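Residue numbers (the numbering used here): 13 to 221.
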């Protein structure tokens with residue numbers, strides 16, 4: 013299969029567009045829509061039907077079109093990251109060197125997009141440094157917080173450009189403050205130079221944080 017339905021994310025796939033289709037031979041899978049820790053990175057075409065045209069089946073396919081995931085990534089709460097693919101062939105040199113021409117297209121690519129698709133994961137890595145939090149007016153981080161404490165939180169985030177670490181600029185970085193459940197979820201302010209920060213009051217909820 014020649015697939016080209018990529019996630020629209022510079023952070024995951026890099027800024028350079030993948031022009032050639034990615035070759036895939038293996039097992040597809042689905043992603044539960046309520047799982048916000050998983051992302052489809054490579055999907056099938058919206059017109060794909062997984063049914064075997066050589067056989068008759070009365071059963072409706074469980075997945076069709078772009079609901080079929082070929083490659084996905086998952087990030088756990090511990091920040092561990094997993095890439096899941098049902099194809100070993102897509103990682104091989106043979107698929108890297110294949111000429112590709114999608115059905116219905118006059119464009120012929122000398123090589124598949126497999127190598128670019130896989131090596132882009134070496135770029136746009138993020139790292140967090142200088143994470144700090146404390147009560148307002150203090151510099152030291154306490155061992156615990158209590159209700160109604162006023163807190164300040166700051167973090168610096170950088171991304172790998174391919175040659176060096178550069179400030180990461182975004183407007184959707186969030187912090188969760190929780191015990192068993194997230195009591196506070198705030199979007200951080202930024203100085204546009206890699207520093208993100210916010211302040212908030214510990215909620216009046218039973219327990220020590």
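By construction, the Cβ of each residue, glycine as well, lies at the ideal position given by its N, Cα and C atoms. Small disclaimer: the values here were computed from a predicted structure and weren't measured.
Asked, Found
"8 angstroms contact criterion, which residue 161 and residue 214 should meet: CB distance rounded", "4 angstroms"
"Residue nearest to residue 56 in terms of C-alpha spacing, selected from 91, 89, 108 and 39", "39"
"C-beta contact flag for residue 189 and residue 30 at 8 angstroms", "no"
"Through-space distance from residue 175 to residue 221, alpha-carbon basis", "Only weak support exists for where residue 221 lies, its pLDDT of 47 falling under 50; the coordinates are left without a value."
"Those residues which DSSP pairs with residue 179 across a bridge", "170"
"Distance, residue 118 Cα to residue 91 Cα", "43 angstroms"
"Coarse secondary structure for residue 147, derived from DSSP in three states", "strand"
"Meets three-Cβ-pair contact criterion under 8 angstroms: the stretch 82-102 and the stretch 37-53", "yes"
"C-beta contact flag for residue 202 and residue 187 at 8 angstroms", "no"
"Start and end residues, beta strand (DSSP E) containing residue 93", "93-97"
"Residue 177 versus residue 35 - alpha carbon distance", "32 angstroms"
"Which residues DSSP lists as bridging residue 202, in chain order", "208"
"Cutoff 8 angstroms; reference residue 211; Cβ partners in own chain excluding five residues on either side", "148, 162, 163, 164 and 165"
"Residue 107, enclosing alpha helix (DSSP H) - first and last residue", "105-109"
"From 79, 185, 53 and 81, residue whose alpha carbon lies closest to that of residue 169", "185"
"Bridge partner(s) assigned by DSSP for residue 213", "162"
"Euclidean distance between Cα positions of residue 81 and residue 200", "32 angstroms"
"Length of the line joining the Cα atoms of residue 112 and residue 18", "17 angstroms"
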